[in-house]
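J.: The sequence shown maps to residues 249 to 562 in our numbering. Take this structure first; my questions come after.
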Amino acid sequence: MTTCAYGKIAVLAPSGVQTGGPELLHQLVHEIRRQGGDAYIHYVPDPEAPVPERYRVYDTPPMKELKLGKNDCLVGPETMVRQFPLFSKAERFIWWLSFDFFLSQRSGAKRIAANTYKRSLVKAQTLSGTRHLFQSHYARNCLERWGVSGGILSDYLSVVPPQSGGPAREDIILYNPKKGLPITERLQHAHPGLTFKPIINMTKAEVEDAFSRAKIYIDFGEHPGKDRLPREAASLGTVVIAGRRGSAAFAEDMPLQDQYKLAIDPSLEQRFGKLVGEVFGDFDTHFAAQAPYRDFVSGEREMFSQQVRETFFR
249 MTTCAYGKIA VLAPSGVQTG GPELLHQLVH EIRRQGGDAY IHYVPDPEAP
299 VPERYRVYDT PPMKELKLGK NDCLVGPETM VRQFPLFSKA ERFIWWLSFD
349 FFLSQRSGAK RIAANTYKRS LVKAQTLSGT RHLFQSHYAR NCLERWGVSG
399 GILSDYLSVV PPQSGGPARE DIILYNPKKG LPITERLQHA HPGLTFKPII
449 NMTKAEVEDA FSRAKIYIDF GEHPGKDRLP REAASLGTVV IAGRRGSAAF
499 AEDMPLQDQY KLAIDPSLEQ RFGKLVGEVF GDFDTHFAAQ APYRDFVSGE
549 REMFSQQVRE TFFR
């Protein structure tokens, strides 16, 4: 039987935010507590903020005053690296939910200066004893170039796969307009006869219904970490087509056959049109071909439990 390696574990999370990243942080607290650890969520900048309604399905009691000793542990996402104390008696982990979004989005000399500062900040944290965890193999690969190493702590989806006998699939291509929109617009312009439908202003139930009806979901965004929507689409039976970039280029993060990962180059429009035609014409074959990816997604819950056990228990 395992026991928690720490007394208290505090996980930093942004207050009042309800997106994929903060959900991972709440999932971590929930899983540590499920396995017997004493974990809490600590909101920044407002420690008094209530747990958002979306996350109340998780066991995440708030820690309103951050008081940690030498037997305790502090975990936070890379976006909060500046909130990490350089010197603390508690064990510290930076959990890299992405790498690309940690970098400055400025241009020119300001970008270089900002990224130099951020890199020095990570180095200072590492030298002071802060450890690192990575949500994706892509993020770990990027940070290894900075001399930073650590273990994988992934995540999982709270999605129930559809039962057989659902609605008939339609020749529709779903996309997230917040991810890789310039590439999607290129494809729309090149193929005006195809039906593209954005996932926008939808409830969770509406998104799941859309995935259960469409044949294809595309994502030509940056893939800064293991993105949730491609996995949700796959788990609900949609065929996923992604740009070969970021975490999507790593088989460990997205175990799709290469034919479904398209390089973003001048031939993209032609190759995309050909693949879409094949999927629309023989959906069952392509659905079967992506079974390993669906199996991977369905196994992430147990994988996450094991990673939490290996990281925080002994």
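Cβ atoms here follow ideal geometry from the backbone N, Cα and C, with glycine treated the same way.
1. Could you check if LYS312 is buried or exposed, using at least 16 other CB atoms within 10 Å of its CB as the buried criterion?
2. Looking at the strands, I want to know which residues DSSP matches up with PRO325.
3. Excluding five sequence neighbours on each side, which residues of the same chain lie with their C-beta closer than 8 Å to the C-beta of ALA581?
4. Runs of 3 residues minimum, wholly inside the region 352-432: which ones carry the beta strand (DSSP E) assignment?
5. Quick one: complete alpha helix (DSSP H) runs, 4+ long, within the region 481-547?
6. Excluding the 5 residues preceding and the 5 following HIS240 in the sequence, name in chain order all residues of the same chain whose CB lies nearer than 6 Å to its CB.
7. Quick check on DSSP: helix, strand or coil for LEU273?
8. May I ask which residues mark the beginning and end of the beta strand (DSSP E) holding PHE444?
9. Exposed or buried, what is LYS463 when buried is set at 16 or more other beta-carbons lying within 10 Å of its beta-carbon?
10. Could you pull the DSSP bridge partners for ALA458 from this structure?
11. Under the rule that 16 or more other beta-carbon atoms within 10 Å means buried, what is TRP344, buried or exposed?
12. Taking the runs of the beta strand (DSSP E) that are 3 residues or longer, which of them lie wholly in the region 277-306?
13. Would VAL396 pass as a contact of HIS385 if the rule is Cβ separation under 8 Å?
14. CB-CB under 6 Å to LEU351, same chain, minus the five flanking residues each way: which ones, in chain order?
15. On a CA-only basis, which of ALA496, GLN505, ARG492 is nearest ASP513? Give me that one, please.
16. Can you give me the Cβ contacts of ASP307 inside the same chain, cut-off strictly under 6 Å, excluding the 5 residues immediately before and after it?
17. If you follow the beta strand (DSSP E) that ALA258 is part of, which residue opens it and which one closes it?
18. Should LYS358 be labelled buried (16 or more other beta-carbon atoms within 10 Å of its own) or exposed?
T.: Looking at the atomic coordinates:
1. Per the 10 Å Cβ criterion, exposed.
2. Secondary-structure assignment with DSSP links PRO325 through a beta bridge to TRP343.
3. No answer is possible for residue 581: it lies beyond the span of the chain, which begins at 249 and ends at 562.
4. Counting only runs of 3 or more, we get 379-382, 418-423.
5. Correct list: 516-529, 531-537, 539-546.
6. With the chain covering only 249 through 562, there is no way to say anything about residue 240.
7. In the structure shown, LEU273 adopts helical secondary structure according to DSSP, grouped into three states.
8. Counting along the chain, the beta strand (DSSP E) containing PHE444 begins and ends at 444-446.
9. By the 10 Å Cβ count, LYS463 comes out buried.
10. ALA458 pairs with nothing; no bridge assigned.
11. Per the 10 Å Cβ criterion, buried.
12. Qualifying beta strand (DSSP E) stretches, in chain order: 286-292.
13. Contact: no.
14. Cβ-Cβ distances below 6 Å link LEU351 to ASN363 in the same chain, with the five nearest sequence neighbours on each side left out; the list follows chain order.
15. The candidate whose alpha carbon is nearest that of ASP513 is ARG492.
16. HIS278, ARG281.
17. Annotation: the continuous beta strand (DSSP E) that includes ALA258 extends over 256-262.
18. Within 10 angstroms of the beta-carbon of LYS358 lie fewer than 16 other beta-carbons, which makes it exposed.
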